[in-house]
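*Asks:* I'd like to ask you about the structure that follows.
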Amino acid sequence: MQNSPVRFLVVVVVCLGWIASGDALIDRQPQPAAQQRPASNIGTLPPIGKDSVKFLVIGDSGTGDRAQNEVAAQMWKSRAVFPYDFAIMLGDNMYGSERPQDYARKFELPFKALLDAKIEFYASLGNHDDPNQMYYKPFGMGGKRFYTFQKKDTRFFVLDSNYMDKDQQRWLEQELSQSNSKWKIAYFHHPIYSSGGRHGSEVDLRTIVEPLFIKYAMNVVFAGHEHFYERLKPQKGIHYFTAGGSAKLRAGDIRVGPMTAKAFDTDRSYMLVEIDGDALHYQTLSRLGRVVDSGSITRQNTGGTS
Amino acid sequence: MTKLRSASLVLLTMLLVACNRVDSSGSLTSAVEAEKPAVAAAQQAAALQPVNKPAVTADGQPVNPLGAAVLEFHKRVQAYMKTHNEAEGKVPNLKRTDDPVQISDREKKLAEMIMTLRAGAQPGDIFAKDFQPYFIKLVQDDFAKRSIADRKALINELPKGMKVAVNTTYPTTIPLATFPATLLRTLPDLPPELEYRIVGRHLLLRDVKANLIVDALYDVVPIPT
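Line by line, the protein sequences give chains E and L.
Just so we're aligned: the first sequence equals residues 761 to 1066 in this note's numbering.
Just so we're aligned: the second sequence equals residues 753 to 977 in this note's numbering.
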């Protein structure tokens, strides 16, 4: 009994240490909609398919600071288990100044291992990004603010959510209407659904793009801007992920609500995604390499559960 | 009992004062102060309002004032684009490159060339003074339709403390706020080289390739900063 206060103190210290390590999970919601994969909660899960589309999701990464470098190192470690071929960037690729040395400090050096391994990057523009980044070849934008690319049976639609003008709306509708791909995935910087306390849902943008997403059967949407990870319950049949915490973190900013399926806002994170036939498998990892979320989605227009 | 009543009265008064001082952004700005920009902009709009005049052409035909404003705006945008294109012809062409030096050098050279060619540029060169009320009205109508939460979200996003001067570069360390997509739908179209932006309470025209503030309409956004 005499040891009880000491024991209690030890437990408190251990708990505080765990929280301070930045790997404490906020998991205040059950896991509807997506099927849970058997996650070990320890490290990167291997891919399931052999000839699948595998990619990395990076959001709000361009700080050039220690956190970015730690996350980037973890991304590289993940690749040994989950060999992704390309990376999508959800914007805010560079914070602050964009001098040549900033391109090096905020992109080329943190992601050197990935670049050396010939991983292709496909960037979208965030509100901190100079649109002239579109001319930077390693960002894979082909000199365009908004563009599309194909990987096997998946079509990616990369939007500039900073400036959704009529040209871009026309372009998006045209591209969507012409696409016969099994999977349609859109990504851009501002989330149209979000439980973030600081920003929240980008309603203006939603009024314009959501009708097109519905009309042309968009499957999955990724966004950044919010410096945390959130998986939302499907909204009007579409799956939404916010993954804007690959360097910046707004700790405790998620207001868990009816839209939230999974929330993680205590450390930086990134996602690994695999598209294998009619299934999309996702896993979200923390800066320390722990799986904070994982699951599978069945393609909506197959008639399967989603 | 009297003391209790007095204390209650003081508390009630304090609550009422506090309520009146909290604006939609949640800051303790005076509600009256917060409304000032909107009122001032509306007065400015009314003062400049050419739409109330029975505008007619030389042969006496009535003029669509909104159409006239847009036409004039497009004419001035075209004039700017001539300058932009002339400047682009005088600096090295920019292609996709692995070298960020080329990107920043090109942006800087293009901006310098345009600034030289427009050395005498003034606010209102493109947002023509006579037609500014239309732009002010479009912006104010859009903001009037927004919920308090929506306005608050917009305010959070807007760059603050930035000095806006025409024919200068947009500071690269300050983020570009998302432009409200529904407002963008109502404003006249621009060529891809130009875009609208909001900074503080000002509506800007920005040259994308040169990162240059081409023109500004000051104090049009009816929100406190």
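Glycine included, C-beta positions come from ideal geometry on N, C-alpha and C.
Have a look at E:LYS975, E:GLY1017, E:ARG1010, E:VAL918 and flag the residue whose alpha-carbon is nearest the alpha-carbon of GLY997 (chain E).
*Replies:* Indexing the first sequence from 1 puts residue 997 (chain E) at position 237. Taking only the C-alpha atoms, the option nearest GLY997 (chain E) is E:LYS975.
*Asks:* DSSP three-state label for GLN884 (chain L), please.
*Replies:* Residue numbering aside, residue 884 (chain L) sits at position 132 when the second sequence is read from its first letter. Residue state, collapsed to three classes: helix.
*Asks:* In chain order, which alpha helix (DSSP H) runs of at least 4 residues are fully inside the stretch 828-906 of chain E?
*Replies:* With a minimum length of 4 residues, the unbroken runs of alpha helix (DSSP H) contained wholly in the stretch 828-906 of chain E fall at 860-863, 872-876.
*Asks:* Using a Cβ-Cβ cut-off of 6 Å (strictly less than) and excluding sequence neighbours within five positions of MET914 (chain L), which residues of its own chain qualify?
*Replies:* Taking the first residue of the second sequence as 1, we reach residue 914 (chain L) at position 162. The answer, listed in chain order, is ILE926, VAL951.
*Asks:* Return the chain-ordered list of same chain residues with a C-beta closer than 7 Å to the C-beta of GLU868 (chain E), the five sequence neighbours on each side being excluded.
*Replies:* The residue you call residue 868 (chain E) lines up with position 108 of the first sequence. LEU875.
*Asks:* Out of E:ALA833, E:THR908, E:LYS926, point me to the one whose CA is closest to HIS938 (chain E)'s CA.
*Replies:* Within the first sequence, the letter at position 178 stands for residue 938 (chain E). Here residue 938 (chain E) is Gln; the residue named in the question, His, does not match the sequence. With distances taken between Cα atoms, GLN938 (chain E) lies closest to E:THR908.
*Asks:* Does the stretch 983-993 of chain E come close enough to the stretch 845-852 of chain E to have 3 or more Cβ pairs within less than 8 Å?
*Replies:* yes
*Asks:* Would you kindly work out how many angstroms separate the C-alpha atoms of LEU885 (chain E) and PHE917 (chain E), rounded to a whole number?
*Replies:* Reading the first sequence from its first residue, position 125 is the one you call residue 885 (chain E). Reading the first sequence from its first residue, position 157 is the one you call residue 917 (chain E). Spanning the two alpha carbons is a distance of roughly 13 Å.
*Asks:* Starting from GLU864 (chain L), trace the alpha helix (DSSP H) in both directions and tell me its first and last residue.
*Replies:* Counted from its first residue, the second sequence places residue 864 (chain L) at position 112. Counted as a single uninterrupted DSSP element, the alpha helix (DSSP H) harbouring GLU864 (chain L) occupies residues 852-869.
*Asks:* State the start and end residues of the unbroken beta strand (DSSP E) segment that holds ASP1036 (chain E).
*Replies:* Position 276 of the first sequence holds residue 1036 (chain E). Here the beta strand (DSSP E) through ASP1036 (chain E) covers 1029-1036.
*Asks:* What does LEU846 (chain L) reach in chain E if we use C-beta pairs closer than 7 Å?
*Replies:* The residue you call residue 846 (chain L) lines up with position 94 of the second sequence. Here the neighbours are TYR895.
*Asks:* In the stretch 954-966 of chain L, which residues sit with their C-beta less than 8 Å from some C-beta in chain A, listed in chain order?
*Replies:* You won't find chain A in this structure, because its protein chains are E and L.
*Asks:* Consult DSSP for HIS987 (chain E) and reduce its assignment to one of helix, strand or coil.
*Replies:* Locating residue 987 (chain E) in the first sequence gives position 227, where the first residue counts as 1. Residue state for HIS987 (chain E) is assigned as coil, using DSSP reduced to three classes.
*Asks:* Output needed for GLN995 (chain E): all residues of its chain with C-beta closer than 6 Å, excluding positions within five of it in sequence on either side, in chain order.
*Replies:* Mapped onto the first sequence, residue 995 (chain E) falls at position 235. TYR953.
*Asks:* How is the alpha helix (DSSP H) around TYR832 (chain L) delimited, first residue to last?
*Replies:* Here residue 832 (chain L) is taken as the residue at index 80 of the second sequence, counted from 1. The continuous alpha helix (DSSP H) containing TYR832 (chain L) extends over residues 817-842.
*Asks:* Tell me which residue opens and which closes the beta strand (DSSP E) that ILE950 (chain L) is part of.
*Replies:* Along the second sequence, one-based indexing puts residue 950 (chain L) at 198. Element bounds for ILE950 (chain L): 946-951.
*Asks:* Along chain L, in chain order, which residues have C-beta atoms closer than 9 Å to that of LYS926 (chain E)?
*Replies:* Within the first sequence, numbered from 1, the residue matching residue 926 (chain E) stands at position 166. Those are LEU936, ARG937, ASP941, listed as they occur along chain L.
*Asks:* Whole angstroms are fine: how far does the CA of HIS949 (chain E) sit from the CA of LEU1084 (chain E)?
*Replies:* As displayed, chain E neither begins before 761 nor continues past 1066, which places residue 1084 (chain E) out of reach and without an answer.
*Asks:* Output needed for TYR989 (chain E): all residues of its chain with C-beta closer than 6 Å, excluding positions within five of it in sequence on either side, in chain order.
*Replies:* Here residue 989 (chain E) refers to the residue found at position 229 when the first sequence is read from its first residue. If we look at TYR989 (chain E) and ignore the five residues flanking it on each side, its Cβ neighbours are ALA1003, GLY1005, PHE1024, SER1029, THR1044.
*Asks:* To the nearest angstrom, how far is it from the Cα of LYS940 (chain E) to the Cα of ASN1061 (chain E)?
*Replies:* For this step, residue 940 (chain E) is matched to residue 180 along the first sequence. For this step, residue 1061 (chain E) is matched to residue 301 along the first sequence. It should be pointed out that residue 940 (chain E) corresponds to Asn in this sequence rather than to Lys. Roughly 12 Å between the two C-alpha positions.
*Asks:* My output table needs one value for LEU956 (chain L): the three-state DSSP class, helix, strand or coil.
*Replies:* The residue labelled residue 956 (chain L) in the question sits at position 204 within the second sequence. Of the three classes helix, strand and coil, the one that applies to LEU956 (chain L) here is strand, per DSSP.
*Asks:* For ARG958 (chain E), which residues of its own chain have a beta-carbon under 8 Å away from its beta-carbon, when the five flanking residues on both sides are left out?
*Replies:* Within the first sequence, the letter at position 198 stands for residue 958 (chain E). Within the same chain, ARG958 (chain E) has close Cβ partners GLU986, ARG1010, ASP1013.
*Asks:* Can you give the Cα-Cα distance for GLY1055 (chain E) and ALA1021 (chain E), rounded to whole angstroms?
*Replies:* In the first sequence, counting from the first residue as 1, residue 1055 (chain E) sits at position 295. In the first sequence, counting from the first residue as 1, residue 1021 (chain E) sits at position 261. The alpha-carbon atoms of GLY1055 (chain E) and ALA1021 (chain E) are separated by roughly 11 Å.
*Asks:* Mapping DSSP to helix, strand and coil, what is ALA962 (chain L)?
*Replies:* On the second sequence, residue 962 (chain L) is found 210 positions in, with the first residue counted as 1. Note: ALA962 (chain L) maps to coil in three-state DSSP.
*Asks:* For ARG826 (chain E), would you say it is in contact with chain L, using Cβ-to-Cβ distances shorter than 8 Å as the test?
*Replies:* The sequence position of residue 826 (chain E) within the first sequence is 66, counting from 1. No - not a single Cβ of chain L is within 8 Å of the one on ARG826 (chain E).
*Asks:* Find the residues of chain E that neighbour THR921 (chain L), judging by a C-beta separation of less than 8 Å, and give them in chain order.
*Replies:* Your numbering for residue 921 (chain L) matches position 169 in the second sequence. What THR921 (chain L) touches in chain E: nothing, since even the nearest Cβ is about 11 Å away.
*Asks:* Starting from ILE818 (chain E), trace the alpha helix (DSSP H) in both directions and tell me its first and last residue.
*Replies:* As a position in the first sequence, residue 818 (chain E) is number 58, starting the count at 1. First-last for ILE818 (chain E): 813-818, but that is the beta strand (DSSP E), not the alpha helix (DSSP H).
*Asks:* Within 7 Å: the Cβ of VAL831 (chain E) and any heavy atom of the ligand SAM?
*Replies:* Among the components modelled here there is no ligand, and therefore nothing to report on the ligand SAM.
*Asks:* List the residues of chain E whose Cβ lies closer than 7 Å to the Cβ of LEU928 (chain L), in chain order.
*Replies:* For the purposes of this step, residue 928 (chain L) is identified with residue 176 of the second sequence, where counting begins at 1. Those are ASN887, ASN922, listed as they occur along chain E.
*Asks:* With a threshold of 8 Å between beta carbons, is PHE931 (chain L) in contact with chain E?
*Replies:* Taking the first residue of the second sequence as 1, we reach residue 931 (chain L) at position 179. Yes, PHE931 (chain L) lies at the interface with chain E (some Cβ there is under 8 Å from its Cβ).
*Asks:* Give a yes or no on whether 8 Å exceeds the smallest Cβ distance from THR1002 (chain E) to chain L.
*Replies:* In the first sequence, counting from the first residue as 1, residue 1002 (chain E) sits at position 242. No, THR1002 (chain E) lies away from the interface with chain L (no Cβ there is under 8 Å from its Cβ).
*Asks:* Alpha carbon to alpha carbon, what distance is there between GLN884 (chain L) and GLU947 (chain L)?
*Replies:* Position 195 of the second sequence, counted from the start, is the residue given in the question as residue 947 (chain L). Position 132 of the second sequence, counted from the start, is the residue given in the question as residue 884 (chain L). Pairing GLU947 (chain L) with GLN884 (chain L), the inter-Cα distance amounts to about 17 Å.
*Asks:* Closest Cβ-Cβ distance between VAL853 (chain L) and chain E: below 8 Å?
*Replies:* Counting from 1 along the second sequence, the entry for residue 853 (chain L) is found at position 101. Judged by the 8 Å Cβ criterion, VAL853 (chain L) is in contact with chain E.
*Asks:* Starting from VAL981 (chain E), follow its DSSP beta bridges and name the residues at the other end.
*Replies:* As a working note, residue 981 (chain E) is residue 221 in the first sequence. BP columns for VAL981 (chain E) point to E:ALA946, E:TYR1000.
*Asks:* Can you give me the C-alpha to C-alpha distance between ARG949 (chain L) and THR930 (chain L), rounded to a whole angstrom?
*Replies:* Within the second sequence, numbered from 1, the residue matching residue 949 (chain L) stands at position 197. Within the second sequence, numbered from 1, the residue matching residue 930 (chain L) stands at position 178. When rounded, the distance between both Cα atoms is 8 Å.
*Asks:* Establish whether the CB of GLU859 (chain L) and some CB of chain E are separated by less than 8 Å.
*Replies:* Counting from one through the second sequence, the residue named residue 859 (chain L) turns up at place 107. For GLU859 (chain L), the nearest beta carbon of chain E is closer than 8 Å to its own beta carbon.
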